[in-house]
Amino acid sequence: MKNNIEQYKIFVESAEKNSEKRINQNNIYLTFSLALFSFISITKIDKLPFFILCILGTIISIIWFFTIDNYSKRNKVKFSIINEYEEKNDLNWFIEEQKRISILTNLSFLEKLLPIAFIIIYLIMMSLV
């Protein structure tokens, strides 16, 4: 039983680390997107390089969107495993937490709005060229 508890702790920590990686990835994509957007906005460049940079920004935003989606799916898998363990061992911390926060807006949905906003901005900028 003690070994199971240690494994449980390690698994919960791995779920937390996955969330930390997700935050770090979002910060990287956000920083790059803001830098690229700023560069495109304030630099006077020809139409072709401008268009190429907007396409690059769009592609990066799409990758960002799918990265968020991937991390979200990974977290769901990890927490479903944690929930299964808790049910078998008469523990309900994560299950209870999920019940109580289920009324809140899904954070993955909110996270995905940012890359979508950048995609829209880049598409609008390309249409103005």
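Here my numbering is used: position 96 in the sequence shown is 149, and no number is missing along the way. Every residue, glycine too, gets a C-beta built ideally from N, C-alpha and C.
Please report the distance separating the alpha-carbon of residue i from that of residue j.
| i | j | result |
| --- | --- | --- |
| E69 | N128 | 9 Å |
| P168 | F118 | 6 Å |
| L83 | N142 | 41 Å |
| I108 | D122 | 21 Å |
Run the CB neighbour count on residue i, radius 10 Å, all protein chains shown included, and call it buried at 16 or more, exposed below.
| i | result |
| --- | --- |
| I102 | It is worth fixing the name first, because residue 102 is Pro in this sequence and not Ile. Its Cβ having fewer than 16 others within 10 Å, P102 is exposed. |
Report whether the distance from the Cβ of residue i to the nearest heavy atom of the ligand GTP is below 6 Å.
| i | result |
| --- | --- |
| E149 | You won't find the ligand GTP in this model; it holds no ligand whatsoever. |
Since residue i is in the alpha helix (DSSP H), which residue starts that stretch and which ends it?
| i | result |
| --- | --- |
| V182 | Premise fails: V182 is in no alpha helix (DSSP H) and is neither H nor E. |
Assign residue i to one of three DSSP states: helix, strand, or coil.
| i | result |
| --- | --- |
| L144 | coil |
| N77 | helix |
| N159 | coil |
| D18 | There is simply no residue 18 to check, as the chain begins at 54 and stops at 182 in what is shown. |
| I98 | coil |
Round the Cβ separation of residue i and residue j to the nearest angstrom and send it over; I've been treating them as touching at under 8 Å.
| i | j | result |
| --- | --- | --- |
| I172 | S94 | Contact doesn't hold; Cβ gap of about 16 Å is too wide. |
Under a CB-based cut-off of 7 Å, is residue i close to chain C?
| i | result |
| --- | --- |
| F162 | Although the question refers to chain C, the structure presented lacks it and comprises just one protein chain. |
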